[in-house]
Each structure stands twice: as structure tokens, then as C-alpha cells.
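Inspection log for the structure reproduced underneath, given as C-alpha cells.
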Amino acid sequence: MGALPKDWGVPAITPLNAAWFTSGALALQRCASCANVQHPPEEVCRACGAMDFGVEIVAPSGTVHSFTIVHYAANAALADAVPYAVVLVSLDDAPHVRVIGNMPETPVEDVRIGLPVVPYWEERAAEDGTVVQLPQWRPG
Ligand SMILES: [Zn+2]
């Protein structure tokens, strides 16, 4: 219950998302021009329009800002996973940044808005063999 299948598709790694999906850290984009941090990574800073970025590693903690519980397996491969939580986590070091994830270890009835959470990373292999560090969440 609650965990996506181990062979579930993982994102293709691109120069834009490599830090997020391979570092095993909450690695956000930091604008080189105005220092805004943002996620998901994009080519343009949402604050100032600049296009040069560095990486900002933020503390591994956050708060459940919102969530939904998925009861219907939209794909047959998810039949054993439902019900599972999809959480929107506000990061403590950058509360305006919200990231989407799952809480595979947590009973869905324990997921609530305001719950303090910490990330952990599941290692998955992409189709091209790249090792992806997939962030997941647990109460913290
Ligand atoms: Zn900027």
C-alpha cells in the first residue's frame, strides 16, 4: 500500500533537473541575478527573467501545505499502490517553494495539512541507466 511500483517510470534527467533528481538533496535553482530560489527548475527566473542559475541546497525539512489521497488506480500498475498520498510540501528554508511528492511509509489517514515532514531519497534507475534519487517524504 502507498508505494509506487519499483519499475514506475522516472523522469528523464536534463541539465535543468539533474541537481534535483541526482544529488540526494533538496537542490533548488538559485537565480544568479536576484538570488530567487525556485522549483520546479525552469529556463527563466520567475522573479526577474534572468536565465543564469546556481544551485541552492536547502535544509531537508518542510511542512505539508496540501495533499490529496488517490483511491483510483488510473493505471493498472498502480492497483497495489492505492490508496496513496500526494503531498505538496512547503520547504522550511524557502516556504514559497512547494514540491510535490509521496509519503509511501505513512498511512494515508496520518497525512494532514501542517504535518512537519523530512525527505528521504529512493534510488531508481532511469531507462538510460542514470541513477535517479527520487525524493519522498515521511513525518519528521
Ligand atoms: Zn532572478
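Residues in the sequence shown are numbered from 52 upward in steps of one, following my numbering. C-beta: ideal position from N, C-alpha, C; glycine also. Keep in mind the model is a prediction, meaning the values are calculated, not measured.
Residues sharing a beta bridge with residue i, DSSP
i	result
V148	Beta-bridge pairing links V148 to no other residue.
F104	C82
I120	A136
A50	Nothing can be reported for residue 50, as the shown portion of the chain is limited to 52 through 191.
Close-in-space but distant-in-sequence residues of the same chain around residue i (CB under 6 Å, 5 per side omitted)
i	result
S141	G113, T114, H116 and R149
Q89	Q80 and R97
P56	A128
A70	A78 and V106
Member of the options whose CA lies at the smallest distance from the CA of residue i
i	options	result
V137	D143, I151 and A125	I151
W172	L129, V183, N68 and A125	V183
A132	F104, V159, P111 and I164	V159
G191	V169, E178 and T181	V169
N153	G100, P91 and I120	I120
I164	D179, F118, E178 and A130	F118
P111	G75, L67 and N126	G75
Own chain partners of residue i with C-beta closer than 7 Å, once the 5 adjacent residues on each side are dropped
i	result
V109	L77, L79, L142, D144 and A145
H122	V133 and P134
E174	V182 and Q184
A63	A177
Same chain only: Cβ atoms within 8 Å of residue i, ignoring 5 sequence neighbours per side
i	result
F104	Q80, R81, C82, A83, P92 and C96
C99	C82, S84, C85 and N87
T73	I64, T181, V182, V183 and Q184
Heavy atoms of ligand 1 versus C-beta positions, residues under 6 Å: C82, S84, C85, N87, C96, A98, C99 and A101
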